[in-house]
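Residue numbers (the working numbering): 113 to 489. For reference, the structure discussed in these notes is given below.
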């Protein structure tokens, strides 16, 4: 069994799919590991580090590999080097990318999407959305503090008192919870909002204040999978009115709201931005999906009425070494259920619920029920 670690070809992607530690574990599964030259440099991992761990380093390592591990979905050019039947595991970004899924199916690869990992206990150690969102939430606060021209904590000095910054976190998933915790550690006064009632206790346990319209719709605003439901226009209007009053007094706002398979919900209007004090900062973690903030631009920091709107892409990638370390462990944990320990060969257990949830393509076809082309269905 040969496992290849490919260099990321997408611009602005510094992460890598394996670390020396996970290379050693792959060798323990009986695999040969080949790493593309320079694959880990942007994450602080040198080719020599991989060699020391027991891997080989070279070019075009995906050719002839049984398994290819990546951070991002392989491009059409990369797929030309993959043999039919190659198991490709990555963050596939399948929603709205039918052509890319078809290309993988046509190439005959078996594609597994790490971000479709089910929310079950067995899969927690493989949950890339959580591992990467946790870092994104942390980095959002750090970036906000860098853009904010004042201190976060209250400071009482002989020259006078500096008031604590007021931070408002919108969306209390993994990223939001980490943003709350980080902003609190830096000394900010933190409030947070989410449409899921279960998050209220989580917010308060971190020492922040919860803000939401708590009506009947709010009480039923969570899916069985733990994600937020799309709220009615009436609820959105009531929540927007509450938020618009609150946001005027905030120094830092971080938005994290995403609904799988849909554009990011618009949480902050241009009028809300205009109501904030000059020098305030907004960080939009959903900017790559259309953004939660009107006026946010992907990959840019823009200014509107003196308010800075931060729209960095790939926020987790801004902590490439940490993000790669966690992602590589997620991949390794998943890989262990796809390999037969006795034969030391790939043996995908197709009846496993984790495999069923993540498998996108097999034997030349898109097989995931959420992404099967309508004509095939």
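Glycine included, every Cβ here is placed at the ideal spot set by N, Cα and C. For clarity, every value in this text was computed on a predicted model and none was experimentally measured.
Look at the beta carbons and you see the segment 205-219 not touching the segment 243-259: under three pairs across the two are nearer than 8 Å. A contact between stretches requires three or more CB pairs, one per stretch, nearer than 8 Å, and the segment 263-270 fails this requirement with the segment 218-225. Per DSSP, residue 254 lies in no beta strand (DSSP E); the unbroken alpha helix (DSSP H) holding it starts and ends at 240-259. When the Cα atoms are used, residue 314 and residue 345 turn out to be separated by approximately 26 Å. Under the rule that a run must span 3 or more residues, the beta strand (DSSP E) segments found entirely inside the segment 274-352 read 278-282, 301-305. Under the three-state reduction of DSSP, residue 218 is assigned to helix. Between the segment 295-315 and the segment 275-284 there are three or more C-beta pairs closer than 8 Å, enough to call the two in contact. When only Cα atoms are considered, residue 355 and residue 362 end up about 11 Å apart. Listed in chain order, the non-local C-beta contacts of residue 118 below 8 Å within the same chain comprise 129, 148, 151, 173, 174, 180, 181, 182, 186, 190, local neighbours out to five positions each way being set aside.
Taking 9 Å as the cut-off, the beta carbon of residue 423 is found closer than this to the beta carbon of residue 403. Residue pairing for residue 148: DSSP places it in a beta bridge opposite 170. Less than 9 Å separates the beta-carbon of residue 263 from that of residue 274. Ranked by Cα distance from residue 171, the options 476, 412, 116 are led by 116. For residue 406, the closest C-alpha among the options 155, 331, 230, 379 is that of 379. Inclusion of residue 426 and residue 400 in the CB contact set at 9 Å is warranted, their separation being smaller than that value. Along the segment 374-456, the alpha helix (DSSP H) occurs as fully enclosed runs of 4 or more residues at 382-387, 432-447, listed in sequence order. Within the same chain, Cβ atoms closer than 6 Å to the Cβ of residue 444 are found at 134, 137, the five residues on either side in sequence being excluded.
In the structure shown, the three-state DSSP call for residue 163 is helix. Rounded to whole angstroms, the gap between the alpha carbons of residue 477 and residue 219 is 10 Å. Contact between residue 456 and residue 176 does not hold, since the beta-carbon distance rounds to 17 Å and is not under 8 Å. The C-alpha of residue 295 lies about 35 Å from the C-alpha of residue 469. With a threshold of 16 other beta carbon atoms within 10 Å, residue 120 meets it and is buried. Residue 181 is bridged by DSSP to 117, 201. Within a 10 Å sphere around the beta-carbon of residue 126 sit 16 or more other beta-carbons, which makes this residue buried.
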